[in-house]
Amino acid sequence: MLPSDRRRGVALLLSLSVVMAACSGAGASPSGAPATASAPSPSTAVATPSATPAPAFPVTVTDDEGTAVEVAAEPEKIVSLTPATTEILFAIGAGDRVVATDDGSDYPEQAVSLPDVATFSSVDVEKVVALEPDLVVAGGLGFTPTDAITRLRDLDVPVIVVYAPSVDGVYKDIEMIGTATGTAEAATRLTADMRADIEAVSGAVSSQSPKPRVLYEVGYDATTGAIYAPADDSFVAEMVTLAGADTITTGDPNTYEISLEALIGKDPELIVLGTNPFYSPTPDSVAARPGWDALTAVRNDDIRPVRDIEITRPGPRLPLGLRNLVSVIWPDVTLPAAG
Amino acid sequence: MAAGALPRDLEVHGLAAWVRARPLVVGLAAAAILLLTLVLGVGLGSVRIGPTETIAVILSRTFGLDIGVTWTPATEAIVWELRLPRVLTAMLIGCGLAVAGATFQGLLRNPLADPYVLGTASGAAVGAAIAVLLPIQLVLVEFGLLHGLAFIGALGSAWLVFRLGGKGGAGGLTRLLLTGYAVGSVLAAVLTMAMYVSGVELRQIFSFLLGGLGGSSWLRLLVAAPLILASSLLIMTRGRSLDGMLLGDAAARHLGVDVGRERTILLALASMATAAAVAISGLIGFVGLVVPHVVRLLVGPAAHRVLPISAVAGAALLSAADLGARLVGDVPVGVVMALLGAPFFLVLLHRSRSGYEL
Amino acid sequence: MTAIASTAGPIMAARGVTVGYGGRTVVADAELHIAAGERVALVGPNGAGKSSLLRALTGVLTPRVGEVDLRGQPVERVDRRTLARTVAVVPEVADLPFAMPVEEVVALGRLPHEPPLTGLRPADEAAIDGAIERVGITHLRGRDVRELSMGERQLVFIAVAVAQAAPILVLDEPTAHLDIRHQVDVMELLVELNERDGTTVIAVLHDLALAAHFFPRVVVLAAGRIVADGPPAQTLDAQRIREVFRVDPALVRLPLGAD
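Chains as they are written, first to last, in this note's numbering: chain A, 33 to 371; chain B, 2 to 359; chain C, 6 to 264.
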């Protein structure tokens with residue numbers, strides 16, 4: 033069943049809110065718990081180069097909700113319930129073992145044709161069970177309904193719940209998923225590459241000055257005039273800051289909405305529009321919004337769109353997202369070549 | 002009044018009279034539909050499983066019989082762990098809410114009463130919101146903090162309304178109803194604030210409020226079933242008190258009904274059933290309000306007919322609606338139920354102008 | 006007052022009863038003894054305390070002073086069910102929240118007799134049918150009570166009390182909404198219940214002529230006190246009517262002769 037455009041938009045907002053608001057203290061589960069891997073055998077499961085590879089399974093992994101999840105053997109059939117985790121699984125070489133995804137998993141191409149067992153609001157537990165998976169990766173903070181997670185765990189299906197409140201959190205999730213799927217080496221390589229690339233790009237603009245005040249517009253509701261921007265301490269705010277900007281945030285780690293008044297007070301010099309197939313306003317339409325001509329960015333016509341998927345999805349394409357973001361904020365800066 | 006012919010349109014004639022005279026037929030029909038939804042509910046779902054395998058799994062798990070058919074562990078998990086408890090839970094909730102609704106309607110002498118009239122809905126929602134917002138994770142016998150606090154919230158608000166509302170006696174039933182409304186509003190406001198503050202947990206609170214049977218399991222069923230079934234049965238044994246109160250407190254007293262005590266007991270039982278239902282499946286509307294009315298239209302208002310038949314009809318309706326919701330894909334069960342039930346209800350209302358309006 | 010050989014005393018008695026609500030006293034020092042099988046009318050101007058006295062007699066209102074006895078026992082010590090089987094009070098014409106056919110409303114009169122779980126037995130059904138017939142509402146069977154006229158509804162509620170088949174029948178202004186034909190019908194029904202079945206009948210009436218014509222004993226209340234108690238020829242004489250009801254006695258047509 034194809035979701036409507038609007039639901040996709042809401043899904044996106046909600047997925048962002050999952051990511052952005054995760055730092056808020058009021059959560060049913062501790063946030064940002066580092067993923068640790070421990071194995072019954074003395075040798076650790078995180079691969080260090082050695083002559084005889086240590087047995088990687090069984091392994092117990094602590095997911096982002098603090099639940100210890102035991103994976104008995106290397107998973108042959110994996111179900112991924114968020115677009116980000118799908119990308120991660122494919123990037124660390126476990127993609128050929130993924131048997132089903134959610135309907136939002138649109139990258140890489142091989143993922144699109146996989147059967148869908150979840151929509152943005154519900155998981156078809158029957159279908160998941162029918163596939164007899166030995167590992168399910170789900171999204172935290174209610175992205176995947178907790179009822180579904182409970183049901184699957186009751187049926188002895190290992191479910192790892194991830195959410196990344198920061199870029200560091202993404203690295204940890206990638207490594208945790210790597211451990212759980214027996215691809216820890218590839219995962220470590222991936223995070224090392226990502227780290228290096230992001231540091232290089234961020235380093236290239238960190239010395240630039242003055243930093244422009246940038247509004248990264250996540251969304252806008254024309255009927256209510258509601259403006260959606262990164263929440264304080266959120267994932268997207270971190271990305272924008274890494275891209276060398278003076279990031280405008282909502283002022284509250286719990287909400288991603290900012291009033292026009294507050295926005296005028298912060299007066300962005302540059303408005304970056306995060307666009308995707310379901311939300312792509314033109315700079316002209318932005319400039320035409322009532323009251324927005326008070327903003328410096330609008331007066332100077334500094335409104336630039338950028339693909340938002342790689343910037344907001346907590347997955348392996350973050351370095352690309354950062355590059356796109358930087359090229360929009362600092363178009364004249366030459367970036368080091370991608371590693 | 003002159004004896005003799007009534008105007009034609011005031012007589013109950015034809016099918017309506019036939020049905021009215023045969024409550025047993027109505028009861029059996031409801032039971033048959035219930036059985037059918039049980040069968041279909043276990044046999045159908047988003048994954049295709051053949052009927053022989055389904056039956057084989059059930060026979061094996063219930064009686065240990067082996068009928069020579071093989072099936073995969075996944076099939077067994079789906080039939081026995083996912084579908085069967087879900088269908089049974091739906092029936093249980095539908096039964097409890099219908100009986101509670103009929104009871105509240107009779108107690109409060111108000112056809113618009115539903116199980117949530119004493120603020121149980123808002124109480125449960127606030128309880129759930131608090132559970133979601135507390136930085137504690139607690140799971141006891143598959144019941145998370147959410148269910149526990151929702152249950153406590155529901156019962157707590159019913160108790161509060163009852164205390165403040167004057168127990169419906171001297172203060173009058175209107176006062177009780179209005180108190181229910183007022184307390185419910187306050188709780189709803191608290192809930193809105195909680196949702197506003199919650200940010201992302203909003204989702205969890207919201208999905209609870211929407212009501213659904215996706216989390217059904219054997220353990221939850223076995224914990225909730227005694228509460229709901231016992232409450233419903235106890236209510237049914239007191240059905241005649243309920244009838245007596247239809248004539249008003251004074252008349253009921255003169256007919257030997259201990260009005261104060263019966264009202265307290267019945268309200269407590271109905272609130273218990275409602276709270277248990279809400280705790281495990283969120284806020285499911287429609288069943289509690291409409292099913293008793295449909296049943297009354299078919300068999301008259303006497304409690305000893307309305308209560309048991311509503312129990313069966315409510316169970317059938319909710320499990321049928323849940324089946325529909327599952328098959329269609331992503332629809333909340335309340336939506337399906339309204340779509341199924343409301344037109345039927347409207348037709349009944351329309352045809353019953355001949356003397357038995359609501 | 007004088008005990009007749011076979012009876013052990015009044016079936017219902019108010020002894021020195023004072024009743025009130027809040028700060029007000031509405032009945033003061035009422036002494037009323039009713040023997041089994043009597044037919045008594047309670048009359049008086051508005052606000053005289055008739056309904057309150059009735060409530061005290063039926064155990065609804067606890068007297069501040071004095072006591073009410075039922076068959077020699079204080080009424081508050083009689084358990085509810087026994088009380089309901091002994092005293093049938095015609096309910097006030099109430100609004101029903103749901104449609105209810107006449108016979109089911111009348112069936113409620115059997116509540117005190119029904120075993121709680123098994124429901125109506127043939128004896129109950131017979132009592133219900135009997136009540137419907139005697140009150141004369143057989144033609145209303147199957148009708149929704151809420152659709153009846155006030156008068157018809159009143160008859161239905163009288164039938165409820167009749168179905169209760171209690172030795173004492175209490176009515177508070179049972180003819181308020183009835184036309185004269187039905188008023189007389191109800192009065193004749195009360196006479197029949199009393200003379201044929203031996204039911205003790207106590208009725209508050211506002212119509213003095215009806216009271217005088219159909220009741221051998223009329224009790225007059227005025228301002229909370231019983232001012233007269235006896236045959237209507239004595240208690241409703243011209244002077245009383247002038248004093249208590251403050252109308253020209255010629256307006257009230259009493260039957261010729263006593264009883």
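Glycine is no exception: its CB is placed at the ideal position from the N, C-alpha and C atoms.
In terms of alpha-carbon separation, which member of the options lies closest to residue i?
i, options, result
"B/LEU234", "B/LEU192, B/VAL279, B/GLY181, B/ALA304", "B/ALA304"
"B/ALA32", "B/PRO344, B/ALA312, B/ASP323, B/VAL334", "B/ALA312"
"A/SER291", "A/GLU270, A/GLY251, A/PRO368", "A/GLY251"
"A/THR114", "A/ASP134, A/VAL358, A/GLU141", "A/ASP134"
"A/GLU158", "B/VAL184, B/LEU178, B/VAL43", "B/VAL43"
"A/VAL92", "A/GLY210, A/SER234, A/ALA224", "Per the sequence presented here, residue 92 of chain A reads as Thr, with Val not at that position. Comparing Cα-Cα distances from A/THR92 to each of A/GLY210, A/SER234, A/ALA224, the minimum goes to A/GLY210."
"A/THR99", "A/VAL169, A/SER137, A/ASP138", "A/VAL169"
"B/TYR182", "B/VAL295, B/ALA103, B/PRO116", "B/PRO116"
"B/ARG262", "B/ALA189, B/LEU243, B/VAL279", "B/LEU243"
"A/PRO165", "A/LEU247, A/VAL191, A/GLY174", "A/VAL191"
"C/ALA61", "C/ARG186, C/VAL31, C/ALA216", "C/VAL31"
"B/GLN106", "B/ALA314, B/MET246, B/ALA343", "B/MET246"
"C/VAL150", "B/PHE64, B/LEU248, B/PHE152", "B/LEU248"
"B/ALA152", "B/ALA130, B/PHE163, B/ARG164, B/LEU165", "Note that residue 152 of chain B corresponds to Phe in the displayed sequence, not to Ala. Considering only alpha carbons, the answer is B/ALA130."
"B/GLY240", "B/THR104, B/ARG84, B/VAL334", "B/THR104"
"A/GLU231", "A/PRO87, A/LEU367, A/PRO90", "A/LEU367"
"A/GLY276", "A/VAL194, A/ALA126, A/PRO363", "A/PRO363"
"C/GLU157", "C/THR23, C/ALA99, C/ARG90, C/ARG85", "C/ALA99"
"A/ARG336", "A/ARG349, A/GLU342, A/PRO313, A/ARG355", "A/PRO313"
"C/VAL232", "C/ASP184, C/LEU37, C/LEU113, C/MET17", "C/LEU37"
For residue i, I'd like the list of residues in its chain whose CB is within less than 7 Å of its CB, leaving aside the five on either flank, ordered along the chain.
i, result
"A/THR80", "With a pLDDT of 49 at A/THR80, under the threshold of 50, the modelled position of this residue cannot be trusted, and the question is left open."
"A/GLY257", "LEU292"
"C/VAL257", "LEU213, ALA214, ILE246"
"B/SER217", "PRO86, ARG87, THR90"
"B/VAL258", "SER242, GLY245, MET246"
Could you name the residues of the same chain whose beta carbon sits closer than 6 Å to that of residue i, not counting the 5 residues immediately before and after it, in chain order?
i, result
"B/VAL80", "THR55, VAL58"
"B/ALA339", "PHE287"
"A/PRO242", "none"
"C/ALA93", "ALA166, GLN169, ALA171, LEU174"
"C/PHE277", "This structure cannot speak to residue 277 of chain C, because chain C is shown only from 6 to 264."
"A/VAL202", "ALA196, PRO346"
"B/VAL337", "ALA322, GLY325, ALA326"
"C/ASP242", "none"
"C/SER56", "ASP177"
"C/VAL83", "LEU75"
Ignore the nearest five residues each way along the sequence and tell me which others in residue i's own chain have a CB closer than 8 Å to its CB.
i, result
"C/GLY203", "ALA41, GLY42, PRO172"
"B/LEU135", "LEU146"
Per DSSP, what are the beta-bridge partners of residue i in this structure?
i, result
"C/ARG60", "The partner list for C/ARG60 (beta bridge, DSSP) is empty, contrary to what the question assumes."
"B/ASN111", "DSSP lists no partner for B/ASN111."
"C/PRO79", "C/ASP74"
"A/ALA258", "A/ASP253"
"A/SER145", "For A/SER145, which the question treats as bridged, DSSP gives no partner whatsoever."
Every unbroken alpha helix (DSSP H) within the segment 192 to 218 of chain A, with a cutoff of 4 residues, ordered by chain: Restricting attention to alpha helix (DSSP H) runs no shorter than 4 residues, the segment 192 to 218 of chain A encloses them at 199 to 213, ordered along the chain.
Touch test, the segment 127 to 139 of chain C against the segment 161 to 176 of chain C, Cβ-Cβ under 8 Å, three pairs minimum: yes
Stretch-stretch touch, CB-based, cutoff 8 Å, three pairs: the segment 53 to 70 of chain C with the segment 99 to 111 of chain C: The segment 53 to 70 of chain C makes no contact with the segment 99 to 111 of chain C, as fewer than three CB pairs between them are under 8 Å.
Every unbroken beta strand (DSSP E) within the segment 139 to 200 of chain C, with a cutoff of 3 residues, ordered by chain: Listed in chain order, the complete beta strand (DSSP E) runs (minimum 3 residues) inside the segment 139 to 200 of chain C are 173 to 177.
Complete alpha helix (DSSP H) runs within the segment 156 to 236 of chain B (minimum length 4 residues, chain order): 174 to 199, 203 to 211
Given 8 Å, three or more beta-carbon pairs between the segment 277 to 292 of chain B and the segment 201 to 220 of chain B: yes
Whole runs of the beta strand (DSSP E) within the segment 10 to 77 of chain C, excluding any shorter than 3 residues: 17 to 26, 29 to 39, 44 to 48, 70 to 75
Stretch-stretch touch, CB-based, cutoff 8 Å, three pairs: the segment 296 to 309 of chain A with the segment 227 to 238 of chain A: no
Runs of alpha helix (DSSP H) lying entirely within the segment 26 to 83 of chain B, each at least 4 residues, in chain order: 52 to 64, 74 to 77
The segment 204 to 218 of chain A in contact with the segment 319 to 338 of chain A per 3-pair CB rule at 8 Å: no
Meets three-Cβ-pair contact criterion under 8 Å: the segment 112 to 126 of chain A and the segment 167 to 187 of chain A: By the Cβ test, the segment 112 to 126 of chain A is in contact with the segment 167 to 187 of chain A, since at least three Cβ pairs between them sit closer than 8 Å.
Ranges of the alpha helix (DSSP H) found wholly within the segment 292 to 346 of chain A, counting only runs of at least 4: 292 to 298, 315 to 319, 328 to 331, 341 to 344
Given 8 Å, three or more beta-carbon pairs between the segment 158 to 166 of chain B and the segment 110 to 125 of chain B: yes
Contact between the segment 291 to 298 of chain B and the segment 150 to 161 of chain C (3+ Cβ pairs under 8 Å): no
Cβ pair count under 8 Å reaching 3, the segment 176 to 183 of chain A against the segment 141 to 160 of chain A: yes
Secondary structure, beta strand (DSSP E): runs of 3+ residues fully inside the segment 73 to 134 of chain C: 92 to 94
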